[in-house]
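Visitor:
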Amino acid sequence: MQQQIPTELKTWLYASGSLTQQLTDLAGGKFRVQPIKEHFQRLHFIDAKWMRMPHQHTSWVRESFLYGNDMQPWVKAKSIFPILSLQGRARLFKHIGTKPIGWFLFQRTNPACERRVIWLEDGWTRQSCYTWHGCKFIVQETFLPAFEQYLRKTKL
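This note's numbering puts the first residue of the sequence shown at -12, with every later residue one more than the last.
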């Protein structure tokens, strides 16, 4: 069965710019990042192909939950940085702790971005392949059921 994108999510899945800023605006200035896991792993073939990088390379992966003004997380985020991309200015992404990646990514820049929208087990997901100061990496954002419920509730 083909999943249908809920109307209230379409805008979010295809929006450009900083999701951090957009969520902060929606939540009336509230936003926080809760890191779940940071680890090294080999690039998945499909991600390596999308970034045009050798698939045998290792990547640094950061997984976290993004919260607005709700007790439940709104977004499950996963960032994939090939080791080759953690050079120069992009080194900072490995040490940002609870700061949102978008805060650095969109500060005085508008990075090149390719996007795809897919359905994953946790929900509708947008995957963005960014090129930032010559470095390529993927940011994956899955919009969780609590976010959809919040959108429906605030629309009423």
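Backbone N, C-alpha and C fix where the C-beta goes; we use that ideal spot for every residue, glycine too.
What is the DSSP secondary structure of Q8, reduced to helix, strand or coil?
Guide: In this structure, Q8 counts as helix in the three-state DSSP scheme.
Visitor: What residue from K63, L92, Y1 has the CA that sits closest to L24's CA?
Guide: The amino acid occupying residue 24 in the given sequence is Lys; Leu does not appear at that position. Among K63, L92, Y1, the Cα nearest to that of K24 belongs to K63.
Visitor: Under DSSP, the beta strand (DSSP E) around L30 begins and ends at which residues?
Guide: From DSSP, L30 is part of no beta strand (DSSP E); its letter is neither H nor E.
Visitor: Could you check if R49 is buried or exposed, using at least 16 other CB atoms within 10 Å of its CB as the buried criterion?
Guide: With 16 or more other Cβ atoms within 10 Å, it is buried.
Visitor: Count the C-beta pairs between the region 82 to 102 and the region 115 to 134 that are closer than 8 Å, then say yes if the count reaches three, no if not.
Guide: Output reads yes: the region 115 to 134 touches the region 82 to 102.
Visitor: For Y1, which option in Y137, T141, R139, E128 has the closest C-alpha, if you only look at C-alpha atoms?
Guide: The shortest Cα separation from Y1 among Y137, T141, R139, E128 belongs to E128.
Visitor: Quick check: is any heavy atom of the ligand GDP less than 7 Å from the C-beta of Q28?
Guide: Inclusion of the ligand GDP in the displayed structure is not the case, the ligand content being empty and no account of it being possible.
Visitor: Taking the alpha carbon of G16 as the point to measure from, which residue in H42, L30, Q74, N56 has its own alpha carbon closest?
Guide: Nearest option by C-alpha distance: N56.
Visitor: Use the C-beta contact count for S3: other C-beta atoms within 10 angstroms, 16 or more gives buried, fewer gives exposed.
Guide: S3 should be labelled exposed.
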